[in-house]
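**Q**
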Amino acid sequence: FAEAMERCHLQPVYDVPYLDVVCDGRELKLNTEAIIYIQVQKRNVLIQTLNQTLMVNGPFHTLTKPLLNDRRFLLCIQGVLVNMDYISNQEETVFIVKNGDRLPINIRNKRQILQTYRNYIFENM
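If you use this note's numbering, the sequence shown corresponds to residues -5 to 119, in order.
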């Protein structure tokens, strides 16, 4: 079935297909399917996509608010939002994403975070 769907080039419907951001004074419309993770870095927000790393101004919570309703995205620790489609492995207290970056998991909420991730994986099998 998955192979047949891939041959048809059908795209899944996402809750938030695009994210509007301002980077270097330009307004960008990012395809959320390409976002690997978003994290706070000093006073900026880093968005790691498949093709680029963007530094955008503005509060993390304002930028990521629309994505919190998108089931693909998981807040793994304060200031780090990961697209679960790109998690390749999980070690004790980190998620390893497909580009090799390691994202910390909140130790206090680890059980709930890992359960959310397992449920997502199971639903998408």
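Glycine residues also receive a C-beta, built at the ideal position from the N, C-alpha and C atoms.
Return the first residue and the last residue of the beta strand (DSSP E) that Tyr31 is part of.
**A** The residue labelled residue 31 in the question sits at position 37 within the sequence shown. Per DSSP, Tyr31 belongs to the beta strand (DSSP E) from Ile29 to Gln35.
**Q** Please return the same chain residues whose Cβ sits closer than 6 angstroms to the Cβ of Asn83, not counting the five positions on each side in sequence.
**A** Working through the sequence shown from its first residue, we reach residue 83 at position 89. Result list for Asn83: Ile90, in chain order.
**Q** Can you find a CB in chain D that lies within less than 7 angstroms of the CB of Asn38?
**A** Looking at the structure shown, chain D is missing, and only one protein chain is on hand.
**Q** Could you tell me whether the Cβ atoms of Asn77 and Arg65 are closer together than 7 angstroms?
**A** On the sequence shown, residue 77 is found 83 positions in, with the first residue counted as 1. On the sequence shown, residue 65 is found 71 positions in, with the first residue counted as 1. No. Outside cutoff.
**Q** Just confirm the distance between the C-beta atoms of Ile30 and Gln42, as a whole number of angstroms; I'd bet it's less than 8 angstroms.
**A** Your numbering for residue 30 matches position 36 in the sequence shown. Your numbering for residue 42 matches position 48 in the sequence shown. Confirmed, about 5 angstroms.
**Q** Provide the residue span of the alpha helix (DSSP H) that contains Ile107, from first to last.
**A** To locate residue 107, count along the sequence shown from 1; it is residue 113. Taken as a continuous stretch (DSSP letters only), the alpha helix (DSSP H) holding Ile107 covers Lys104 to Glu117.
**Q** If we count the other Cβ atoms within 10 Å of its Cβ and call it buried at 16 or more, is Leu62 buried or exposed?
**A** The residue you call residue 62 lines up with position 68 of the sequence shown. Exposed, because fewer than 16 other Cβ atoms sit within 10 Å of the Cβ of Leu62.
**Q** According to the Cβ coordinates, are Leu97 and Ile32 closer than 7 angstroms?
**A** On the sequence shown, residue 97 is found 103 positions in, with the first residue counted as 1. On the sequence shown, residue 32 is found 38 positions in, with the first residue counted as 1. Taking 7 angstroms as the Cβ cut-off, Leu97 and Ile32 do not qualify as a contacting pair.
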